[in-house]
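Q:
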Amino acid sequence: MTTGTRNALLSPQGEDSAIKYISLVFLWGVAFSQKSNGMPLDSTKYINNDKIFHHPAKVLFGSRAFDLEVFTDFEKKLIGEVSLFFRTDSQPRYREVSFPPDSRRFLYRYNPQTNPARYITYFFTVELKSGEVYATPVDSSGLLSPITKKLVDPIKYYKERAEGKR
Numbered sequence: 034m035t036t037g038t039r040n041a042l043l044s045p046q047g048e049d050s051a052i053k054y055i056s057l058v059f060l061w062g063v064a065f066s067q068k069s070n071g072m073p074l075d076s077t078k079y080i081n082n083d084k085i086f087h088h089p090a091k092v093l094f095g096s097r098a099f100d101l102e103v104f105t106d107f108e109k110k111l112i113g114e115v116s117l118f119f120r121t122d123s124q125p126r127y128r129e130v131s132f133p134p135d136s137r138r139f140l141y142r143y144n145p146q147t148n149p150a151r152y153i154t155y156f157f158t159v160e161l162k163s164g165e166v167y168a169t170p171v172d173s174s175g176l177l178s179p180i181t182k183k184l185v186d187p188i189k190y191y192k193e194r195a196e197g198k199r
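Put into structure tokens, the structure is as follows:
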């Protein structure tokens, strides 16, 4: 004679749920145990040094073409790719212009007559074959700081300059 009841199922229910619970706790622990460095996920740091140089023009006119250029002092055999990224108010997404890597002077001629805009925002990157990425301009903490220039009317600019307003 037996006293009590016995579970008639083949697999023990209590052990299965305990294993699922432990594995779930383990996965949650791994997922949220990553240490944060306080930086947003989309902030990429670039290496800044004296081997990439760009000097922005003081004024850019909206009625005549102008050059956006960068110089680099890296050995030609080390350069993987040099690019200009720019956008305007009429084109909100950045557009990439790649340059031939065997040049020392990288120049892009922007013509506001064919691509009208009120302002342009741009930056340059140099990617080495080793995987290092350099950019200009970057701020002191290594974050990209694109240049934004308003495209001005040359007549208005020179009139204000003659009057001493600029």
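Under the numbering used here, the letters of the sequence shown match residues 34 to 199, in that order.
We put the beta carbon where it would ideally sit given N, CA and C, even for glycine.
(1) For residue 149, which residues from the same chain have a beta carbon less than 7 Å from its beta carbon, with the 5 sequence-adjacent residues on both sides left out?
(2) Considering Cα atoms alone, identify which of 158, 174 and 195 is closest to residue 113.
(3) Along the beta strand (DSSP E) that carries residue 167, what are the first and last residues, could you check?
(4) So the alpha helix (DSSP H) residue 120 belongs to, where does it begin and stop?
(5) Would residue 111 pass as a contact of residue 155 if the rule is Cβ separation under 9 Å?
(6) Output needed for residue 68: all residues of its chain with C-beta closer than 8 Å, excluding positions within five of it in sequence on either side, in chain order.
(7) Spell out the partners DSSP gives residue 107 in its beta bridges.
(8) State the CB to CB distance for the pair residue 121 and residue 167, rounded to an integer number of angstroms; the pair is presumed to be in contact (CB under 8 Å).
(9) Kindly indicate which residue of 188, 193 and 183 has the alpha-carbon position closest to the one of residue 90.
(10) Out of 116, 126 and 146, which one is the CA nearest neighbour of residue 87?
(11) Determine the direct distance from the alpha carbon of residue 161 to that of residue 105, and round the result to whole angstroms.
(12) Helix, strand or coil for residue 180 per DSSP?
(13) Using a Cβ-Cβ cut-off of 6 Å (strictly less than) and excluding sequence neighbours within five positions of residue 118, which residues of its own chain qualify?
(14) Within its chain, find whatever has a CB closer than 8 Å to the CB of residue 134; leave out the 5 residues flanking it on each side and keep chain order.
A: Considering the structure as presented:
(1) Result list for residue 149: 123, in chain order.
(2) Among 158, 174 and 195, the Cα nearest to that of residue 113 belongs to 158.
(3) Unbroken beta strand (DSSP E) run through residue 167: 166-169.
(4) Element bounds for residue 120: not the alpha helix (DSSP H) but the beta strand (DSSP E), 112-121.
(5) A distance of 9 Å or more separates the beta carbons of residue 111 and residue 155.
(6) Confidence at residue 68 is low in this model, with a pLDDT of 46, below 50, so the placement of that residue should be treated as unreliable; the coordinate-derived value is given next. Excluding residues up to 5 positions away in sequence, nothing lies with its Cβ nearer than 8 Å to the Cβ of residue 68 in the same chain.
(7) Residue pairing from DSSP leaves residue 107 without any beta-bridge partner.
(8) Rounded, the Cβ-Cβ distance is 24 Å, inconsistent with contact.
(9) Checking every option, the nearest Cα to that of residue 90 belongs to 183.
(10) For residue 87, the closest of 116, 126 and 146 by C-alpha to C-alpha distance is 116.
(11) Cα to Cα, residue 105 sits roughly 12 Å from residue 161.
(12) Of the three classes helix, strand and coil, the one that applies to residue 180 here is strand, per DSSP.
(13) The beta carbon of residue 118 is closer than 6 Å to those of 127, 129 and 156 in its chain, skipping five residues each way along the sequence.
(14) Excluding positions up to five away in sequence, the list reads 109, 112, 113, 114 and 115.
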